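Protein chains in written order, with full-length UniProt numbering: chain C, 1 to 277; chain X, 1 to 277; chain H, 1 to 277; chain D, 1 to 277. Quick reminder that beta carbons are idealized off the backbone N, C-alpha and C, glycines included. Since this is a predicted model, take the numbers as computed values, not measurements.
4 protein chains.
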Amino acid sequence: MTTIHVGCDLTYSVTNPTSFLFNVAAARTPLQTISEETLQLNPSIQYEASSLGMEDIQVYRLYAEPCELQLNYRATVDLRPAINDTSQIVEAGYSQLPIDVLPYLNPSRYCESDRLAHFALQMFGNAQPGFCRVSAICDWINSNLDYQAGSSGPSTSACDVLIQRTGVCRDYAHLAIALCRALCIPARYVSGYAVSLQPPDFHGFFEAYLGSRWYLFDATHMAPVEGLVRIGTGRDAADASFATIIGSATLTHMAVWAEQTSPNPMPNQPAAVSTTD
Amino acid sequence: MTTIHVGCDLTYSVTNPTSFLFNVAAARTPLQTISEETLQLNPSIQYEASSLGMEDIQVYRLYAEPCELQLNYRATVDLRPAINDTSQIVEAGYSQLPIDVLPYLNPSRYCESDRLAHFALQMFGNAQPGFCRVSAICDWINSNLDYQAGSSGPSTSACDVLIQRTGVCRDYAHLAIALCRALCIPARYVSGYAVSLQPPDFHGFFEAYLGSRWYLFDATHMAPVEGLVRIGTGRDAADASFATIIGSATLTHMAVWAEQTSPNPMPNQPAAVSTTD
Amino acid sequence: MTTIHVGCDLTYSVTNPTSFLFNVAAARTPLQTISEETLQLNPSIQYEASSLGMEDIQVYRLYAEPCELQLNYRATVDLRPAINDTSQIVEAGYSQLPIDVLPYLNPSRYCESDRLAHFALQMFGNAQPGFCRVSAICDWINSNLDYQAGSSGPSTSACDVLIQRTGVCRDYAHLAIALCRALCIPARYVSGYAVSLQPPDFHGFFEAYLGSRWYLFDATHMAPVEGLVRIGTGRDAADASFATIIGSATLTHMAVWAEQTSPNPMPNQPAAVSTTD
Amino acid sequence: MTTIHVGCDLTYSVTNPTSFLFNVAAARTPLQTISEETLQLNPSIQYEASSLGMEDIQVYRLYAEPCELQLNYRATVDLRPAINDTSQIVEAGYSQLPIDVLPYLNPSRYCESDRLAHFALQMFGNAQPGFCRVSAICDWINSNLDYQAGSSGPSTSACDVLIQRTGVCRDYAHLAIALCRALCIPARYVSGYAVSLQPPDFHGFFEAYLGSRWYLFDATHMAPVEGLVRIGTGRDAADASFATIIGSATLTHMAVWAEQTSPNPMPNQPAAVSTTD
Chain C
1 MTTIHVGCDL TYSVTNPTSF LFNVAAARTP LQTISEETLQ LNPSIQYEAS
51 SLGMEDIQVY RLYAEPCELQ LNYRATVDLR PAINDTSQIV EAGYSQLPID
101 VLPYLNPSRY CESDRLAHFA LQMFGNAQPG FCRVSAICDW INSNLDYQAG
151 SSGPSTSACD VLIQRTGVCR DYAHLAIALC RALCIPARYV SGYAVSLQPP
201 DFHGFFEAYL GSRWYLFDAT HMAPVEGLVR IGTGRDAADA SFATIIGSAT
251 LTHMAVWAEQ TSPNPMPNQP AAVSTTD
Chain X
1 MTTIHVGCDL TYSVTNPTSF LFNVAAARTP LQTISEETLQ LNPSIQYEAS
51 SLGMEDIQVY RLYAEPCELQ LNYRATVDLR PAINDTSQIV EAGYSQLPID
101 VLPYLNPSRY CESDRLAHFA LQMFGNAQPG FCRVSAICDW INSNLDYQAG
151 SSGPSTSACD VLIQRTGVCR DYAHLAIALC RALCIPARYV SGYAVSLQPP
201 DFHGFFEAYL GSRWYLFDAT HMAPVEGLVR IGTGRDAADA SFATIIGSAT
251 LTHMAVWAEQ TSPNPMPNQP AAVSTTD
Chain H
1 MTTIHVGCDL TYSVTNPTSF LFNVAAARTP LQTISEETLQ LNPSIQYEAS
51 SLGMEDIQVY RLYAEPCELQ LNYRATVDLR PAINDTSQIV EAGYSQLPID
101 VLPYLNPSRY CESDRLAHFA LQMFGNAQPG FCRVSAICDW INSNLDYQAG
151 SSGPSTSACD VLIQRTGVCR DYAHLAIALC RALCIPARYV SGYAVSLQPP
201 DFHGFFEAYL GSRWYLFDAT HMAPVEGLVR IGTGRDAADA SFATIIGSAT
251 LTHMAVWAEQ TSPNPMPNQP AAVSTTD
Chain D
1 MTTIHVGCDL TYSVTNPTSF LFNVAAARTP LQTISEETLQ LNPSIQYEAS
51 SLGMEDIQVY RLYAEPCELQ LNYRATVDLR PAINDTSQIV EAGYSQLPID
101 VLPYLNPSRY CESDRLAHFA LQMFGNAQPG FCRVSAICDW INSNLDYQAG
151 SSGPSTSACD VLIQRTGVCR DYAHLAIALC RALCIPARYV SGYAVSLQPP
201 DFHGFFEAYL GSRWYLFDAT HMAPVEGLVR IGTGRDAADA SFATIIGSAT
251 LTHMAVWAEQ TSPNPMPNQP AAVSTTD
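Here you go:
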């Protein structure tokens, strides 16, 4: 078990009545449990806590009049990831995939897998199927993109990234997801807190469905997947914004952290890590 | 109640072992019930019938060796749509929207609402909110696009359509969905059988979430929404293909129909029609 | 005759050996003559002055070692525009167009006229041909775009602008050019100095070939075409950058101006203005 | 000297009064001369023969009433290409480039070199500069694209091709041109007749400016550059259509050929070939 303290402080200048949907809370799964969790709002506005979608993302919805709004979230998260030998993990045939996994084969806003079919087959069609192939995709992306803060924007998609060859974590994840789907491997976006991420920030990574479960991958190689605390899950980043804002508000301060307190159980060699059923 | 006989005959030339996912069965909702339904496959391959996603789409999955594969689907569908006075239907505020409706505000593969925010506000920001505004969107699309079979392809998106000004039913629906979402009105794609559609084919239309339910719209104005039999529902057409093919198969014959047998209860004036809860 | 004093001061921090091509000098045409002109470089690097292309754009090319490079350009320009009655200006048929004008019917990097054929015909196909139609295009663009500094970038094209509905002067010109070409009206980009432009900057406008000459238009309506001093001409902004930089240099200071000193001969009513043969 | 007989037969069904611009005539350069040339039109419509642009493309312009229009072009072309040792051909520095070559560094409609800067540097930045580097670009394109008739259309650009990885000759040329320009190597599109091309058709290839002249390249590797007879030259295919049609006409028959009659002087090993000054 790994115990990780995560949290964020967000401050907004709200200039008109504004609705917020925050997706900053650690998700609850059989393999990712939460021993302590607090949410503070200042002013202490009433909020609605709900779980959203088939992955039960925890979201907070609230409505604020003009003010300076502070949100402080803290949680202690216990991870008991399923760790498997990568060499044993194969790709499930289309007929074997659980029915609820199938939508993660479809193209989405930022992952145009339909346009990348030929390229994916050309580059990774002969790679060894299974965990290996998804790792090969991550390695290729890591070698061929340059991580540049500010080089992409809210409308940048996997195809854009493949052209411009620069991006940030969400772009790396989008391209990986698109290539997996193009090869008939279900893949989805995961937002989260990441131990050791520099500079500290929310992180975007992805999961591929292999064998009979979802495995974590981080094409940026910036944070070990053993130290990733899942927040939201979705088709792509469009489903996992940490804040959706309907109205008029400006982020004026942001701090995010993830600190591992238990002795480091992180393996020295690559392992397949899953934190959902 | 309206009773509609729907069905389709599909023939494929399968040249390699191929997996199929068919999404041709009429959906089951409290307002759309099915009194008779048959699926025939020739050769009589074993298939798996499942319901997929939060909208319980009915799908058939099967695996075929090389052959000529025929699928024949027939159903008798009873529609008891909720019909409301359009003038009474308002837009729900973001805070009032059911949590499971929120993903239908996000941009998707073929509906880039993020890129259309300014345009949507410019064109429809001053329209009367509610059913009216969605109708205005449909009317604008209908007036400004030309319906041309073959003018769009599998990668054509709402933005492409707005540039090229031509498309088919799925393109009309995609543009309408994108504009609704850009205005903070949840919207989703619906595939179905449509009475009176000429030439007969599967149809693509959409639903907007207004007041406290999903209402049907058809921006093509090619078929009355009272005669639409829902098949699949999703973020956009990527979620509602009538056939997903993993392998190698060619469609060699296709017939689709929808015939209303009961006396025509279709209203003469515009009404708001809903066939889901 | 209108006399206009134009000029610019540019300062670059050059951090590696760098080649520059400056396109800041007022063009020389029978209708735009130059009575005084100075170029100062500090340090006083040797430069090559050439005229480029079929429109004889005046460019300065130079090579700088790392330094702080200052360029100061000043000119006194006399404009004797051909001014015609807009109502008399018709569109030339394709067979009547001079052969060297034909390339300005082709799509270019930022003016994808090939994709806008249907839209252009739909919107402006029934407008009165001639000067009127180009004015109608400018008016429509002016009404339907919002001028927002920073809303577009170096890769933003006419189609992007038509989607996003915001842009700056070069975007307005690109969309107008694309629509003209789609209607078989030759059109080209012009960069220049503009009297009364606020805030002062280089300006981007365009010319359409009507009757038997090129007429000036400014879809932004931000500066009178009678006060435009032409610098560069080309297919689109790609051909008319005020500075092309091959190496490593950062613009640290920029001032641009255009001041009319003669009494104001600008007409009160719309006129067709041409400053090239 | 190589002598090549080229020609084409084109038949159009003209259904409305239509203007044509044909660009099928072999160009005349000091290294590509024409000993015999005939153009026949049936019906024998009057046409205007002009030379267009800085490259003196030979074009025929004509206006046809509704009819069946046949064009028959034949020419005997003598090529005396400058053939140089590839290893001696270097890249000219920006400061050394002739001023009229500079526009061929700018992005164009189908060659978005501005978007490919990072990719080009990443892939070819370390290649040996000169003829070698352009050959490396051609080889990479040849290895990474699949030639598929019908896989691209009139709006397909270099970036589209880099995503979809399929295309035809014009797409190969566009991607090569865009990559050259992104590396500061002037490049332009050339249309022509090609000996040994299968199936026979007009061909699209490109030229890069190296050392002090334009050298021919064919990224498709489908025809030897020694057997290419130049027709048109331009920024990209937008400037070199074999037929521009303003009106309403359908191509109903087309035959194109290029036959070398002299003994084969084609070198066995790669050589740098130039057919313009």
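Would you give the residue range spanned by the alpha helix (DSSP H) that residue i belongs to?
i	result
residue 278/H	Here chain H comprises residues numbered 1 to 277, so residue 278/H is not present and cannot be evaluated.
Tyr104/D	From DSSP, Tyr104/D is part of no alpha helix (DSSP H); its letter is neither H nor E.
Gln148/H	Run containing Gln148/H: none; DSSP gives neither H nor E here.
Ala158/X	Ala158 to Gln164
Within the 8 angstroms Cβ cut-off, does residue i reach chain X?
i	result
Tyr63/C	yes
Thr220/H	no
Ala238/C	yes
How far does the beta strand (DSSP E) with residue i in it extend, from its first residue to its last?
i	result
Ala272/D	Ala272 to Ser274
Cys67/H	Cys67 to Leu79
Tyr215/H	Arg213 to Phe217
Val14/C	Thr2 to Val14
Leu39/X	Gln32 to Asn42
Ser19/H	Thr18 to Phe22
Tyr92/X	Residue 92/X is actually Ala in this sequence, not Tyr. Neither: Ala92/X is in no beta strand (DSSP E) and is coded neither H nor E.
Glu207/C	His203 to Leu210
Cβ of residue i less than 8 angstroms from any chain C Cβ?
i	result
His118/D	yes
Arg28/X	no
Cys159/D	yes
With DSSP run on the structure shown, which of helix, strand or coil describes residue i?
i	result
Glu226/C	helix
Asp236/H	coil
Ile185/C	coil
Arg61/C	strand
Ala173/H	helix
Gln198/H	coil
Leu52/D	strand
Val168/C	coil
Ala25/H	coil
Leu179/C	helix
Ala190/H	Per the sequence shown, the amino acid found at residue 190/H is Val instead of Ala. Of the three classes helix, strand and coil, the one that applies to Val190/H here is strand, per DSSP.
Ala136/H	helix
Ile141/H	helix
Is the shortest distance between the beta-carbon of residue i and the beta-carbons of chain H less than 8 angstroms?
i	result
Gly53/D	yes
Tyr215/D	no
Looking at chain D, is there any beta carbon in it that lies within less than 8 angstroms of the beta carbon of residue i?
i	result
Thr156/C	no
Pro103/H	yes
Cys169/H	no
Assign residue i to one of two classes, buried (16 or more other C-beta atoms within 10 Å of its C-beta) or exposed (fewer than that).
i	result
Asp277/C	exposed
Thr38/C	exposed
Gln96/D	exposed
Gly130/C	buried
residue 278/D	This structure does not reach residue 278/D, given that chain D is present from 1 up to 277, and the question cannot be answered.
Glu112/C	buried
Leu145/D	buried
Ser87/X	exposed
Arg188/D	buried
Pro224/C	buried
Ser44/X	exposed
Determine the chain A residues that contact residue i at a beta-carbon separation under 7 angstroms, and present them in chain order.
i	result
Arg181/C	Annotation note: the requested chain A is absent from the structure, which comprises protein chains C, X, H and D.
### Query
Taking only runs of the beta strand (DSSP E) that begin and end inside the region 238–265 of chain C, which ones reach a length of at least 3 residues, in chain order?
243–246 and 249–260
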